[in-house]
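J.: Before anything else, here's the structure in question.
Protein chains in written order, with the working numbering: chain H, -9 to 192; chain L, -9 to 192.
Rendered as C-alpha cells:
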C-alpha cells in the first residue's frame, strides 16, 4: 500500500504550477494519494533574509527560470504566458487570498480543480490572483459558491490554518515550492515530483 | 547533425559530480559531442553577494541537497560519501588547482577520465582535491604525467584560460553548476542534462 504524499505549494510559485497540473495523473499511475497543502513562501523567505522571491533578487536566476518554465511547459504540453515587463515587476503575486480560498476549497470535491484553475489563470492567462473578483469567478467556475468561500477564507480559523501550514512546512525543512513530503522525507522542486511519488511506493 | 553541448562545471560542485559521471553515456545515445568547460563558481557567487556556497549559507537548502544527492546517486548507481561534520565544515572545496589541471588535461585524450576521477575522489572517497598530492596521483592514474601537468597548471596561460572561462560563463548568464549551453541556450542543473542534450538535436 503506497503512502500518501503531501504536495506543498504556494499559488505564486511558478514551478508549483507545473506540479499542480501534473501531480494527479502521475500519482494515479502509481496508486498514490496526494494531500494538497497550500502554504506561503513569504515568511520562509523572510526568515532566510530575503524580502521577495530569489528569482527577483538574482536576475540571472530569474532569467533562467522564465526561460526554463517556457521549455518545461512546452515539454508537458501546458499553456504558459511569460509575463511582460509590467507583469514581471509585480512578480511574485500576493498569494494569501488564493491560499486561504484554496484551504477552504480543498475540503470540497472541486478543490483541486479550483487550485489548478488559479495556477492556470495566473501563469497561462496572466490574471491577477490577488484580485478577489478573479478568485471569486474561479471559485464559481470550479463548482463552488464564491460568496461563501470568500467569507470562509476570511474567518479566523482559515487564517490560522494557513499559518499552521507555514509552521508545519518550516518544521519539515521546507525552504521552497513545490515541495513533497512522504513520512518526513522531503523532495524539493517540480523535477523531483516523480521521485517523491516513487518513494511513496517503497 | 546535432550541435555540440558545452558542459560547465566546478570541481567543488556536488551536482556537477552527477553530470560528469552521466553525460558521456547520455550524449553518445544522441550522437552529441560534449565540450567539458571547467570554471569557478566562487567569483560568480561573490558577484551575487555570497561569500560561499548557498548550500552553506542556507542550512535548510544544504540539508536537502545532501539528502537529495544521496538519493540521486543511488538512482544513478553512483557511489556517494556524505561528508561527516568535519568534512562538511570544509565544504565547498577549493577547486582552483583541480580546475587548472582539468583545463590542461582536457587537451589530452585522458582528460575527461581525469575529471571524472577528481569528482569521484571527492564525492565517493572523501579525498581533499585541494591537495596537490591527491591531484598528482589522479593525473598519473588517468594516464598523464603529474609533474608536467602540475607545472602547466601554474603557467600564466592556464590561469588566464580558467579566468576567461569564468568570464564566458558569466556572459552566458551562468549562475550555478552544472550548466549546459547549446548555441547560447542555457540549461542549469543535473536535472536538465537530458533536456540540454535533446535541445542539441533539434
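By construction, the Cβ of each residue, glycine as well, lies at the ideal position given by its N, Cα and C atoms.
Provide the residue span of the beta strand (DSSP E) that contains residue 176(H), from first to last.
T.: 175 to 178
J.: Between which two residues does the alpha helix (DSSP H) carrying residue 56(L) extend?
T.: DSSP places residue 56(L) in the uninterrupted alpha helix (DSSP H) bounded by 49 to 66.
J.: Starting from residue 20(L), trace the alpha helix (DSSP H) in both directions and tell me its first and last residue.
T.: 4 to 20 is the extent of the alpha helix (DSSP H) around residue 20(L).
J.: Can you find a CB in chain A that lies within less than 7 angstroms of the CB of residue 174(L)?
T.: Looking at the structure shown, chain A is missing, and the protein chains on hand are H and L.
J.: When the distance is taken between beta carbons, is residue 13(L) closer than 7 angstroms to residue -3(L)?
T.: yes
J.: Which partner residues does residue 29(L) have in the DSSP bridge list?
T.: The partner list for residue 29(L) (beta bridge, DSSP) is empty, contrary to what the question assumes.
J.: Does the distance from the C-beta atom of residue 202(L) to that of residue 126(L) stay below 7 angstroms?
T.: Given that chain L is displayed from residue -9 to residue 192, the structure contains no residue 202(L) and the question cannot be resolved.
J.: Along the stretch 29 to 50 of chain L, what residues have a CB closer than 8 angstroms to any CB found in chain H?
T.: Identification of residues in the stretch 29 to 50 of chain L having a C-beta nearer than 8 angstroms to some C-beta of chain H yields 38, 48, 50, given in sequence order.
J.: Quick check on the DSSP output: the beta strand (DSSP E) that includes residue 139(L) runs from which residue to which?
T.: Bounds of any beta strand (DSSP E) do not take in residue 139(L); it lies within the alpha helix (DSSP H) bounded by 136 to 143.
J.: Would you mind stating whether residue 50(L) and residue 45(H) have Cβ atoms separated by less than 7 angstroms?
T.: no
J.: Kindly indicate the opening and closing residues of the beta strand (DSSP E) around residue 113(L).
T.: Run containing residue 113(L): none in the beta strand (DSSP E); it sits in the alpha helix (DSSP H), 101 to 113.
J.: Along chain L, which residues have their Cβ under 8 angstroms away from the Cβ of residue 163(H)?
T.: 50, 53, 54
J.: By alpha-carbon positions, which one of 175(L), 70(L), 78(L) ends up nearest to residue 11(L)?
T.: Of 175(L), 70(L), 78(L), the residue nearest in Cα terms is 70(L).
J.: Please classify residue 181(L) as buried or exposed, where buried requires at least 16 neighbouring CB atoms within 10 angstroms.
T.: buried
J.: Would you check if there are 3 or more beta carbon pairs closer than 8 angstroms linking the stretch 54 to 71 of chain L to the stretch 90 to 107 of chain L?
T.: no
J.: If you follow the beta strand (DSSP E) that residue -4(L) is part of, which residue opens it and which one closes it?
T.: -5 to -1
J.: Taking 7 angstroms as the cut-off, decide whether the C-beta atoms of residue 27(H) and residue 191(H) are in contact.
T.: In this structure, residue 191(H) does not lie closer than 7 angstroms to residue 27(H) by Cβ.
J.: DSSP three-state call for residue 171(H): helix, strand or coil?
T.: strand
J.: So, is residue 54(L) buried or exposed, given that buried needs 16 or more other C-beta atoms within 10 angstroms?
T.: By the 10 Å Cβ count, residue 54(L) comes out buried.
J.: Quick one: measure Cβ to Cβ for residue 168(L) and residue 43(L), integer angstroms, because I've assumed they're closer than 8 angstroms.
T.: Actually they are not in contact, since the Cβ atoms of residue 168(L) and residue 43(L) sit about 14 angstroms apart, beyond 8 angstroms.
J.: Grab me the residues of residue 184(H)'s own chain with a C-beta within less than 7 angstroms of its C-beta, minus the 5 sequence neighbours each way, in chain order.
T.: 16
J.: Once you ignore the five residues that flank residue 129(H) on each side, which residues in its own chain have a CB closer than 8 angstroms to its CB?
T.: 91, 95, 104, 135, 136, 139, 140
J.: Would you decide whether residue 193(L) is buried or exposed? Buried here means 16 or more other CB atoms lie within 10 Å of its CB.
T.: The displayed coordinates of chain L run from -9 to 192. Any statement about residue 193(L) would go beyond what the structure contains.
J.: Which bits of chain H does residue 178(L) rub up against, with CB to CB less than 8 angstroms?
T.: 54, 58
J.: Count the other CB atoms within 10 Å of the CB of residue -9(L); is the residue buried (16 or more) or exposed (fewer)?
T.: Residue -9(L) should be labelled exposed.
J.: When you compare each of 107(L), 52(L), 58(L), 101(L) to residue 81(L) by their alpha carbons, which one comes out closest?
T.: Taking only the C-alpha atoms, the option nearest residue 81(L) is 52(L).
J.: Hey, how far is the Cα of residue 131(L) from the Cα of residue 41(L)?
T.: Whole-angstrom Cα-Cα distance: 34 angstroms.
J.: With a Cβ-Cβ cutoff of 7 angstroms, do residue 117(H) and residue 111(H) count as a contact?
T.: The criterion of a C-beta distance shorter than 7 angstroms is satisfied by residue 117(H) and residue 111(H).
J.: Measuring alpha carbon to alpha carbon, tell me which of 175(H), 108(H), 78(H), 99(H) ends up nearest residue 86(H).
T.: 108(H)
J.: Quick one: does residue 181(H) have its CB under 7 angstroms from some CB of chain L?
T.: yes
J.: Whose CA, out of 144(H), 154(H), 72(H), lies closest to the CA of residue 115(H)?
T.: 72(H)
J.: In angstroms with no decimal places, state the Cα-to-Cα distance between residue 38(L) and residue 161(L).
T.: 14 angstroms
J.: When we look at the beta-carbon of residue 171(L) and count the other beta-carbons within 10 Å, is it buried (16 or more) or exposed?
T.: Residue 171(L) comes out buried.
J.: With a threshold of 16 other CB atoms inside 10 Å of the CB of residue 36(H), please say whether the residue is buried or exposed.
T.: Taking all protein chains shown into account, residue 36(H) has fewer than 16 neighbouring C-beta atoms within 10 Å of its C-beta and is therefore exposed.
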